[in-house]
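Taken in order, the sequence shown gives residues 3 to 196; the numbers are from my numbering.
In what follows, a single structure is set out as structure tokens and then discussed.
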Amino acid sequence: MLPKILVFAGSNRTGAYSGRVASVAATTLAGLGAEVTRIALVDYPLPIMDQDLENELGIPENAMKLGRLFAAHTGILIASPEYNSSIPPLLKNTIDWVSRISKDGEKPFKPYAGKIVALCSSSEGNFGGARGLYHLRSVMMNVGTQIITEQCSVIHAHQAFAEDGSFRDEHAARSMQRVCQSLIDHARMSMLRS
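Below, the structure written as structure tokens:
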């Protein structure tokens, strides 16, 4: 039984380190036997979360598309940059819009319900974006996901990648391997309980 894992980065910047971390994660997960879907948030543009806008127009279609994608996967891996020791606005806005979904058509629908989530980060500094993951972990728990303990924070991200896109540093590669294996293991357990 192959767990389905959705992978995306919390940045849409061209060449973003978080996008490169997400690519390493997707490759690692696939190598460990997961069925991986890799998406880019740039393909799902959303307005800034605004309840007046929601009341007037409803949930944006791109938020619904993302909600359906989240719901179709047992696990989610998010690779996030760190902005001022916190969550980047693109990622927070995406999380917030999807959290507003309560039905799909006339059927009750909670995209985050029961999802197993792994968190990764990256930055050019010595902490690898880990400070931002503290906030991201809190937000993802609040929307009802289960966060695995293991996380991968890539330090000195401007020097972290080989030409083939893999990690240069063996420590980062081992850390990603642990995160991905744990996510798969937790996703399989979740599938058995369902």
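No residue lacks a Cβ here, since even glycine has one placed at the ideal position from N, Cα and C.
Just verifying my parser: in three-state terms, what is the DSSP assignment at S20? In the structure shown, the three-state DSSP call for S20 is helix.
Could you pull the start and end residues of the alpha helix (DSSP H) that R180 belongs to? Note, R180: alpha helix (DSSP H), 172 to 195.
Below 8 Å on the Cβ atoms is my contact criterion, and I expect A31 with V9 to pass it. Report the Cβ-Cβ distance as a whole number of Å. First, the amino acid is wrong: residue 31 is Leu here, not Ala. That belief holds up - the Cβ atoms of L31 and V9 are roughly 7 Å apart, short of 8 Å.
First through last residue of the alpha helix (DSSP H) which encompasses S11: Before going on, a small fix: residue 11 reads as Ala here, not Ser. Premise fails: A11 lies in the beta strand (DSSP E), 6 to 11, not in any alpha helix (DSSP H).
In terms of alpha-carbon separation, which member of G21, K105, D52 lies closest to R40? Of G21, K105, D52, the residue nearest in Cα terms is G21.
Who are the Cβ neighbours of T96 in its own chain at under 7 Å, not counting the five residues just before and after it? L43, L48, L68, listed in sequence order.
Counting only beta-carbon separations shorter than 7 Å, does T96 have a partner in chain D? Looking for chain D here will not work: only one protein chain is present.
Is DSSP giving G77 helix, strand or coil here? In this structure, G77 counts as strand in the three-state DSSP scheme.
Given that a residue counts as buried once 16 or more other Cβ atoms are within 10 Å of its Cβ, and exposed if not, what is K105? The residue in question, K105, is exposed, as its Cβ has fewer than 16 Cβ neighbours within 10 Å.
For W99 and K6, what's the separation of their Cα atoms in angstroms? Straight-line Cα distance between these residues: approximately 22 Å.
Express the C-alpha separation of L138 and K117 in angstroms, rounding to a whole number. 15 Å
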